[in-house]
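J.: According to this note's numbering, the sequence shown holds residues 28 to 381 in order.
Quick reminder that beta carbons are idealized off the backbone N, C-alpha and C, glycines included.
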Amino acid sequence: MIDASSDRKALPGKPLVRAARGEALERPPFWFMRQAGRYLPEYREVRADAGSFLDLCYNPRLAAEVTLQPVRRFGTDGAILFSDILVIPHALGQHLEFREGEGPWLEPITAEAELARLSCDRIHDRLSPVYETVERVRAALPDDVALIGFAGAPWTVATYMVAGRGTPDQAPARDWAYRDPAGFQRLIEMLVDATVRYLDRQVRAGADIVQLFDSWAGGLPESAFERWVIAPTRAIVERLRKLWPDLPIIGFPRAAGAFYEPYVRATGVDVVGLDTGVPLQWAARTLQPMAAVQGNLDPRLPIVGGAAMLDEARRIMEAFSSGGHIFNLGHGFVPQTPPENVAQLADFIREWRR
Ligand code: CP3
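Have a look at this one:
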């Protein structure tokens, strides 16, 4: 562990890591959420050979290959590990499938008694192919490209575990959390524990930086946001900092609105991921003094391309040019995104100067 840590310190110059620590660079480093995926023909080809989506996640050779595809094609400053946030429930022992055209499907866990079906003890058995993917990517990446590890944040992962699938309103998890907060807390604690162990292993395997995806952080009342979004995220940040004092951590509480500010203040994340709805000047004034910012181009713009996309990209880079900024989308690419537009966006960011 000590060796891996001094190894990371020996490479302090990756632009993405420097921006994450709050440095204003000549132009922002960039990567894109869902940069590996169905909008790329080379991904669809590998995906077709792999069998199911989960088979791809657990195949280190193929998962490393699709992780590297967008780095090669667009010259991104970061590679995000190819995996999924739902491998954690799977590793805890919950049945998981990705049904074609339907998305994830899990055997729902709806009450405290059902937590007995899960266990943190053997998570690495199932997750070890993911760590091997990280090692393979690390070995293949250019020195100046950062490797981004990730996990889902406990609240978002819990919404899938409880509903058994994606839901528009996360009603099953909210209902359980209101009905039986002590029981729901046990699920969240299990996820905090598994997430720390999982991210620790990703860093040991070579991740330079990690992101916590809280895709369903929006729409909660204040007390629930504090208890189920902020508190578990803070616990993960504190525990990871003890293990890896220099590791930059990105928190992405999508759609958190007015809770973005207390989120950054209370969790201690180094970088905050901004969804598309966050006003630029407000974020530059309020959030950027506390943390580097990442975001927040509307993922619809790379579908349209051209001046509409580039004008908005320029506005974002100008707004955040005086502090730490990592260029990204406000949420992930969707499958109909033309890769040519992404290439145009990447060139534009690379050539921009503050
Ligand atoms: O390129 C990358 O961003 C890295 C890989 C990655 C995937 N999922 C691959 C994936 C990452 C970081 C994720 C995170 C993830 N997974 C989130 C958080 C971010 C977000 O989008 O809000 C969530 C909520 C999930 C859960 C998940 N995975 C859903 C709901 C679905 C189905 C929806 C869909 O788009 O089909 C997935 C599947 C998934 N994860 C795909 C990919 C490339 C598509 C599956 C396929 O190729 O068949």
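Per DSSP, what kind of secondary structure is K36 in: helix, strand or coil?
T.: Start at 1 with the first residue of the sequence shown, and residue 36 comes out as number 9. The predicted position of K36 is uncertain, since its pLDDT is 45 and thus under 50; no value can be drawn from it.
J.: Does the stretch 63-79 come close enough to the stretch 335-355 that 3 or more CB-CB pairs lie under 8 Å?
T.: no
J.: Taking 7 Å as the limit between beta carbons, can you name the residues of its chain near D104, skipping five residues before and five after?
T.: For the purposes of this step, residue 104 is identified with residue 77 of the sequence shown, where counting begins at 1. Excluding residues within five positions, the ones whose Cβ falls inside 7 Å are P42, L43, P56, F57, W58, V172 and A173.
J.: Counting only C-beta atoms, is A370 closer than 8 Å to chain D at any point?
T.: Reference to chain D is not applicable here, since this structure consists of a single protein chain.
J.: Please report how far the alpha carbon of E134 lies from the alpha carbon of D196, in whole angstroms.
T.: Taking the first residue of the sequence shown as 1, we reach residue 134 at position 107. Taking the first residue of the sequence shown as 1, we reach residue 196 at position 169. If I take the Cα positions, the gap works out to 19 Å.
J.: Using only the alpha-carbon positions, how far apart do T222 and L142 sit?
T.: Counted from its first residue, the sequence shown places residue 222 at position 195. Counted from its first residue, the sequence shown places residue 142 at position 115. Put simply, the backbone Cα of T222 is about 17 Å away from that of L142.
J.: Going straight from the alpha carbon of R153 to that of R126, what length do you get?
T.: In the sequence shown, residue 153 corresponds to position 126, counting from 1. In the sequence shown, residue 126 corresponds to position 99, counting from 1. Those two C-alpha atoms are separated by around 20 Å.
J.: With a threshold of 7 Å, establish whether the CB of F375 neighbours any heavy atom of the ligand CP3.
T.: In the sequence shown, counting from the first residue as 1, residue 375 sits at position 348. No, the beta carbon of F375 sits no closer than 7 Å to any heavy atom of the ligand CP3.
J.: Here's a check: name, in chain order, each residue in its chain whose Cβ is nearer than 6 Å to the Cβ of T186, leaving out the five neighbours to either side.
T.: Position 159 of the sequence shown holds residue 186. Q197, A200 and W243, listed in sequence order.
J.: How about L314: is its Cβ closer than 7 Å to a heavy atom in the ligand CP3?
T.: Within the sequence shown, residue 314 is the residue found at index 287, counting from 1. It does not: the Cβ of L314 is nowhere closer than 7 Å to a heavy atom of the ligand CP3.
J.: Do you know whose CA, among V184, W271, R206 and A251, lies nearest L226's CA?
T.: Reading the sequence shown from its first residue, position 199 is the one you call residue 226. When each option's Cα is compared against that of L226, the closest is W271.
J.: Nearest by alpha-carbon distance to A282: which of R261, G304 and L274 is it?
T.: Numbered from its first residue, the sequence shown carries residue 282 at position 255. Distances from the alpha-carbon of A282 to those of R261, G304 and L274 put G304 closest.
J.: What residue range is occupied by the uninterrupted beta strand (DSSP E) comprising H151?
T.: Stepping through the sequence shown from its first residue, residue 151 is reached at position 124. Not the beta strand (DSSP E): H151 falls in the alpha helix (DSSP H), residues I150 to A167.
J.: Short of 6 Å in beta carbon distance, which residues of its chain neighbour T313, apart from the five on each side in sequence? Order them along the chain.
T.: The sequence position of residue 313 within the sequence shown is 286, counting from 1. Result list for T313: E288, in chain order.
J.: Just to confirm, does M188 get its C-beta within under 7 Å of one of the non-hydrogen atoms of the ligand CP3?
T.: As a working note, residue 188 is residue 161 in the sequence shown. Not so, every heavy atom of the ligand CP3 lies at least 7 Å from the Cβ.
J.: For the ligand CP3, any of its heavy atoms closer than 7 Å to the Cβ of A63?
T.: Counting from one through the sequence shown, the residue named residue 63 turns up at place 36. A63 Cβ: within cutoff of the ligand CP3.
J.: Buried or exposed for R54, please, with buried defined as at least 16 other CB atoms from any protein chain shown within 10 angstroms of its CB.
T.: Looking up residue 54 in the sequence shown gives position 27. Here R54 is buried, its C-beta having at least 16 other C-beta atoms within 10 Å.
J.: Can you tell me whether G322 is buried or exposed? The criterion is at least 16 other CB atoms within 10 Å of its CB, across all chains shown.
T.: Here residue 322 is taken as the residue at index 295 of the sequence shown, counted from 1. So G322 counts as buried.
J.: Beta-carbon separation of G179 and I112 under 8 Å?
T.: Reading the sequence shown from its first residue, position 152 is the one you call residue 179. Reading the sequence shown from its first residue, position 85 is the one you call residue 112. Yes.
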